[in-house]
Amino acid sequence: MNKYSSSEILDYDKRGDCYTWCYPLDLSNFNTQNIWSQNEQIPKLSDTLTLYVHIPYCKFICSMCPFTHEKLDQRELDEYVEMLIKEISTYSHHKISKESIVTSIYFGGGTASLLSPYHVEKILSVINWSYNLASNCEITLECHPNTVDNKYLEQIKDSGINRVSFGIQSFQKENIEKLGLLQIPEKNIKVISDALGVGFNTVACDIMYNLPEQSIDNLRKDLEMAVDLGIQGLSVYALDPEVRQLKSIQQIKEQQKIEKEMFYYINTFLTNNDFVHVAQPDYSKKGHENRQIRDLWGAAQSYNLSFGAGAFSESFNGFTWANIHDPKKYIELMKSNKMPILMGKQWDINDAMSRYLVLGARCLTIPLDVYQNTFGIGLDQTFKYEITRLEELGYVKLTTDSLEITKEGMYYIDNISKTFFSFSNRGLSQFWGCSLRDKLPERFYEFEEESHKV
């Protein structure tokens, strides 16, 4: 289902625009029954498991959002939560789920804060009952600042949420208006102060930069506000060029120069204010690292199960798969006891070896020993020519213990990831929910066919 595009071919002369978050990418129709059989082709990399719960509904539709989102229907949301719980429970019977320790749970969207505290408590109750949670399991809920108040924050904390992340984007009215968003600067500030007062382990937020006509001084004001408020985690994203609708090659080149200057300004500003660059584009105060990101991307990557319409299970039993993206169809399939899977792939060994570096690069340091112990060969041997090329560009440094992304390489992190794509994945783009909204597979398999094999 993922088609080749010449625009996705690696070009070292410019920063890769495609944000690399999923791999492998050559997903298509496949026999989902095989998920439930032990996959002996792929060596085991981890004993830990991350869980992701997708809430596809939104009160406010953001024009630049590429993720699965639907206008809120409260009655449908209640029904959707029941089907989520059913899916969560079903996968808990898998051998890997039973043997793994859950280190992080992430409620994302869409707008995850459209869940009521009762919804959150109900979902977490099932997860607690069905999976083995680490004593320090990080449990995050993404929030749109306009959908929560102090009472809501207190209630979700009582339900088990210990980390919140707010889609702030900017604390400045002019920036919010340029993005066509409905956030209110005063509300953004208050909701963060409230969350810090409630006492979550970590309070984080998203900030966007590279906005039309944005200056470094304008960017500085957003960063200063986040630091002054006491934010403990920051994800800082550049506005994509396609959203900006730049027309000429000259415009694109000029904007790339400005973006690069802003990128390194952000890095210097945040590290000078005691933030650690955990992954690109994530920063945190020490002890507040985003565990979901670290375990999902950092080599060696954890297992991952993701639930709901539009959710991607990125790494489970040597498979990657995506659920269908239409929540109504998801509900219909779950009610009829059918697996709501749109597409996927059973990895081969090349997928597993490449994935270690493709996603590991995002966390800036890739350990050598786990790769050697897992695959029986050094990654510096498997990817000798790729690493040599990246060293020539000054993007990576090979040490006795790890492959490290240099400061120059940080800006080109997606170029580095693409360098390690296997041949079958070259020229393929990342998946974004909006483009998959109406897609269906050739066949849906019933849950009984799979889960009874465990």
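For the sequence shown, this note's numbering assigns the number 6 to the initial residue and increments by one for each residue that follows. Backbone N, C-alpha and C define an ideal beta-carbon position, used for all residues, glycine too. It should be emphasised that the depicted structure is a prediction, and the values quoted were computed from it without experimental measurement.
Alpha helix (DSSP H) segment containing residue i, residue limits
i: A231; result: 221–234
i: M213; result: M213 -> not in any alpha helix (DSSP H); beta strand (DSSP E) instead, spanning 207–214.
i: Y450; result: Neither: Y450 is in no alpha helix (DSSP H) and is coded neither H nor E.
i: L82; result: 79–96
i: N420; result: 418–424
i: S429; result: First-last for S429: undefined, no H or E at that position.
i: S102; result: 100–104
i: I410; result: Where I410 is concerned, there is no enclosing alpha helix (DSSP H), although the beta strand (DSSP E) it sits in stretches over 407–410.
i: L5; result: Since the first residue shown for the chain is 6 and the last is 459, residue 5 is missing from the structure and cannot be characterised.
Cβ neighbour criterion (16 or more within 10 Å) applied to residue i
i: H457; result: Residue confidence for H457 is low, a pLDDT of 43 falling below 50, so the modelled location carries little weight and cannot support an answer.
i: F176; result: buried
i: P332; result: buried
i: T95; result: buried
i: S140; result: exposed
i: K533; result: With the chain running from 6 to 459 in the structure shown, residue 533 is simply not present.
i: R448; result: exposed
i: R299; result: buried
i: E13; result: buried
i: K252; result: The predicted model places K252 with a pLDDT of 49, which falls under 50 and marks its position as unreliable; any figure quoted below should be read in that light. Classification of K252: exposed, given that the 10 Å Cβ count is below 16.
i: F171; result: buried
i: P217; result: exposed
i: K290; result: buried
i: N378; result: exposed
i: N277; result: exposed
i: W326; result: buried
i: D492; result: This structure leaves residue 492 out entirely; the chain is present only between 6 and 459.
i: T55; result: buried
i: I410; result: buried
i: F428; result: exposed
i: K162; result: buried
i: G292; result: exposed
i: G204; result: exposed
i: T25; result: buried
i: F425; result: buried
Rounded Cβ spacing between residue i and residue j (contact assumed at less than 8 Å)
i: G313; j: H59; result: 4 Å
i: S105; j: T145; result: Rounded, the Cβ-Cβ distance is 19 Å, inconsistent with contact.
i: S243; j: E266; result: Note that residue 243 is Ala in the sequence shown here, rather than Ser. Their Cβ separation, rounded to whole angstroms, is 12 Å, which puts A243 and E266 out of contact at 8 Å.
i: I166; j: V131; result: About 15 Å; that fails the 8 Å criterion.
i: N272; j: Y57; result: Going by Cβ atoms, the distance from N272 to Y57 rounds to 27 Å, so no, they are not a contact pair.
Simplified DSSP assignment, three categories, for residue i
i: P372; result: strand
i: A366; result: helix
i: Q360; result: Here residue 360 turns out to be Arg, not Gln, going by the sequence shown. Residue state, collapsed to three classes: helix.
i: N272; result: helix
i: T55; result: strand
i: H282; result: strand
i: Y157; result: helix
i: I382; result: coil
i: L251; result: In this predicted model, L251 has a pLDDT of only 46, less than 50, meaning its place in the structure is not dependable enough to derive any value.
i: N355; result: helix
i: K343; result: strand
i: D287; result: strand
i: N39; result: helix
i: L119; result: helix
i: E391; result: helix
i: L338; result: helix
i: E147; result: strand
i: W437; result: coil
i: W26; result: coil
i: N133; result: helix
i: K402; result: strand
i: G414; result: helix
Span of the beta strand (DSSP E) around residue i
i: R168; result: 168–174
i: D464; result: The chain is shown only over 6 to 459; residue 464 falls outside these bounds and no answer can be derived.
i: N193; result: It is not in any beta strand (DSSP E) - N193 instead sits in the alpha helix (DSSP H) that spans 190–203.
i: N525; result: The requested residue 525 does not occur in the structure, where the chain is confined to residues 6 to 459.
i: D300; result: Here D300 belongs to no beta strand (DSSP E); instead the alpha helix (DSSP H) covers 296–302.
i: S320; result: 317–321
i: G238; result: 238–243
i: T152; result: Run containing T152: none; DSSP gives neither H nor E here.
Contact check, residue i vs residue j, beta carbons under 8 Å
i: G323; j: Q351; result: yes
i: Q435; j: L32; result: no
i: L228; j: D199; result: no
i: C63; j: G115; result: yes
i: Y390; j: Y376; result: no
i: K340; j: M88; result: yes
i: L184; j: M213; result: yes
i: Y417; j: R20; result: yes
i: T37; j: M344; result: yes
i: K127; j: V153; result: no
i: I47; j: A357; result: yes
i: V241; j: P286; result: yes
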